[in-house]
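*Asks:* As they're listed, the protein sequences go chains V and Y.
Here the first sequence is numbered in my numbering, starting from 28 and rising by one per residue.
Here the second sequence is numbered in my numbering, starting from 169 and rising by one per residue.
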Amino acid sequence: DAGVIQSPRHEVTEMGQEVTLRCKPISGHDYLFWYRQTMMRGLELLIYFNNNVPIDDSGMPEDRFSAKMPNASFSTLKIQPSEPRDSAVYFCASRRGEETQYFGPGTRLLVL
Amino acid sequence: DAKTTQPTSMDCAEGRAANLPCNHSTISGNEYVYWYRQIHSQGPQYIIHGLKNNETNEMASLIITEDRKSSTLILPHATLRDTAVYYCIVRVFGTGGFKTIFGAGTRLFVKA
């Protein structure tokens, strides 16, 4: 299995632009998670899905952030408009049922 | 909030065993203890997990006290490549199942 796949691996954009991060979970996994990591706040859980349905989005920082999961093999995290304070590493993770959770390599986002 | 407490940092000599402690005094009877590590901003990597019995795999051993209020991750022969942040996690039960909340972890420095 290829593991959790994220794209792009790096993204540099200017303030005010829309940013879309993508994730392909491990095949057969029914949970998908989005995390954000910064030096100041560590690893934060933003939102997670079960069977493509958002379950808990209490970690989403504000309305500029949105996440979708149109099918079992694809999810997006969108920031519109982006701000410099959104600069971070964004991780996607997936798991099957209550089994072990596996992480992708992350997307490093820099908003200028 | 994370349900575990760990030392901020630890040192270990290369080739020696690294013993990383974790306190989880509020753990419930059916909650597992998970360990992940993160090497220099890569995605967190699963190491091992356990419920109440000691566990061993190719990466590490996990020793859980009888009252389950603490555990120790053991890397039997630490190498320089084991330098990383190690996270001890007890998953939190949320609306749609367990979610993995990360604390600050222990930064392990393996020295030559």
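Ideal placement from N, C-alpha and C gives every residue a C-beta, glycine not left out.
Going by beta carbon distance, what residues of the same chain come within less than 6 Å of Y:Val278, once the five residues before and after it are set aside?
*Replies:* Numbered from its first residue, the second sequence carries residue 278 of chain Y at position 110. Taken in chain order, the residues that qualify are Cys180, Glu182, Ala246, Leu248, Asp250, Thr251.
*Asks:* If you draw a straight line from the alpha carbon of Y:Thr268 to that of V:Gln128, how long is it in whole angstroms?
*Replies:* As a working note, residue 268 of chain Y is residue 100 in the second sequence. As a working note, residue 128 of chain V is residue 101 in the first sequence. Going by the C-alpha atoms only, they are around 8 Å apart.
*Asks:* V:Gln107: buried (16+ other C-beta within 10 angstroms of its C-beta) or exposed?
*Replies:* Residue numbering aside, residue 107 of chain V sits at position 80 when the first sequence is read from its first letter. Exposed.
*Asks:* So V:Gly133 and V:Gln33 are in contact, right, with Cβ under 8 Å, and what is the actual spacing, rounded?
*Replies:* Sequence index remark: in the first sequence, residue 133 of chain V carries index 106 (1-based). Sequence index remark: in the first sequence, residue 33 of chain V carries index 6 (1-based). At roughly 6 Å, the Cβ-Cβ gap stays under 8 Å, so V:Gly133 and V:Gln33 are in contact.
*Asks:* Could you check what DSSP says for V:Leu139 in three-state terms: helix, strand or coil?
*Replies:* Looking up residue 139 of chain V in the first sequence gives position 112. Note: V:Leu139 maps to coil in three-state DSSP.
*Asks:* Could you give the C-beta distance for V:Phe130 and V:Ser102, rounded to a whole number, given that I count them as a contact under 8 Å?
*Replies:* For the purposes of this step, residue 130 of chain V is taken as the residue at position 103 of the first sequence. For the purposes of this step, residue 102 of chain V is taken as the residue at position 75 of the first sequence. Actually they do not touch by this definition, with Cβ atoms about 14 Å apart.
*Asks:* If we cut at 7 Å on Cβ distances, does V:Pro97 have a partner in chain Y?
*Replies:* Residue numbering aside, residue 97 of chain V sits at position 70 when the first sequence is read from its first letter. Not closer than 7 Å to any Cβ of chain Y, the Cβ of V:Pro97 fails to qualify, so no.
*Asks:* For Y:Thr224, return the contacting residues in chain V, with the cut-off set at a CB-CB distance below 7 Å.
*Replies:* Locating residue 224 of chain Y in the second sequence gives position 56, counting from the first residue. Within 7 Å Cβ-Cβ: nothing; Y:Thr224 doesn't reach chain V, min ~16 Å.
*Asks:* Note down, in chain order, every chain V residue with its Cβ under 7 Å from the Cβ of Y:Ala272.
*Replies:* The residue labelled residue 272 of chain Y in the question sits at position 104 within the second sequence. Near Y:Ala272 (Cβ distances below 7 Å), the residues of chain V are Gly69.
*Asks:* Under 7 Å between the Cβ atoms of V:Gly69 and Y:Ala186?
*Replies:* Looking up residue 69 of chain V in the first sequence gives position 42. Looking up residue 186 of chain Y in the second sequence gives position 18. The answer is no: Cβ separation not under 7 Å.
*Asks:* Within 7 Å of any Cβ in chain V, is that where the Cβ of Y:Phe266 sits?
*Replies:* Residue numbering aside, residue 266 of chain Y sits at position 98 when the second sequence is read from its first letter. Closer than 7 Å: yes.
*Asks:* Pull up the distance between the alpha-carbon of V:Ala94 and that of Y:Leu243, whole angstroms please.
*Replies:* Mapped onto the first sequence, residue 94 of chain V falls at position 67. Mapped onto the second sequence, residue 243 of chain Y falls at position 75. Cα-Cα distance, rounded: 38 Å.
*Asks:* Is the CB-CB distance between V:Thr40 and V:Val46 below 7 Å?
*Replies:* Position 13 of the first sequence, counting from 1, holds the residue named residue 40 of chain V. Position 19 of the first sequence, counting from 1, holds the residue named residue 46 of chain V. Yes, Cβ-Cβ distance for V:Thr40 and V:Val46 is below 7 Å.
*Asks:* Tell me, which residues are paired with V:Pro81 by DSSP?
*Replies:* On the first sequence, position 54 is the one that residue 81 of chain V refers to. For V:Pro81, which the question treats as bridged, DSSP gives the partners V:Phe76.
*Asks:* Could you name the residues of chain Y that V:Phe130 contacts, counting a contact when the two beta carbons are closer than 7 Å?
*Replies:* Here residue 130 of chain V corresponds to residue number 103 of the first sequence, with the count starting at 1. Those within 7 Å of V:Phe130 in chain Y are Gly211, Pro212.
*Asks:* Note down, in chain order, all residues in the region 236-267 of chain Y with a beta-carbon under 9 Å from any beta-carbon belonging to chain V.
*Replies:* Tyr255, Arg259, Gly262, Thr263, Gly264, Gly265, Phe266, Lys267
*Asks:* Select from V:Tyr58, V:Ala115, V:Leu136, V:Met42 the residue whose C-alpha is nearest the C-alpha of Y:Asn266.
*Replies:* Against the second sequence, residue 266 of chain Y aligns to sequence position 98. Checking the displayed sequence, the identity of residue 266 of chain Y turns out to be Phe instead of Asn. The residue with the shortest Cα to Cα distance from Y:Phe266 is V:Tyr58.
*Asks:* What residues match up with Y:Gly262 in a beta bridge as DSSP calls it?
*Replies:* Position 94 of the second sequence, counted from the first residue, corresponds to residue 262 of chain Y. Y:Gly262 is bridged to Y:Gly265.
*Asks:* Using 8 Å as the Cβ pair cut-off and three pairs as the minimum, do the region 194-201 of chain Y and the region 79-91 of chain V touch?
*Replies:* no
*Asks:* Flag V:Gly43 as yes if its beta-carbon sits less than 7 Å from any beta-carbon of chain Y, otherwise no.
*Replies:* For the purposes of this step, residue 43 of chain V is taken as residue 16 along the first sequence, with counting starting at 1. V:Gly43 does not count as touching chain Y.
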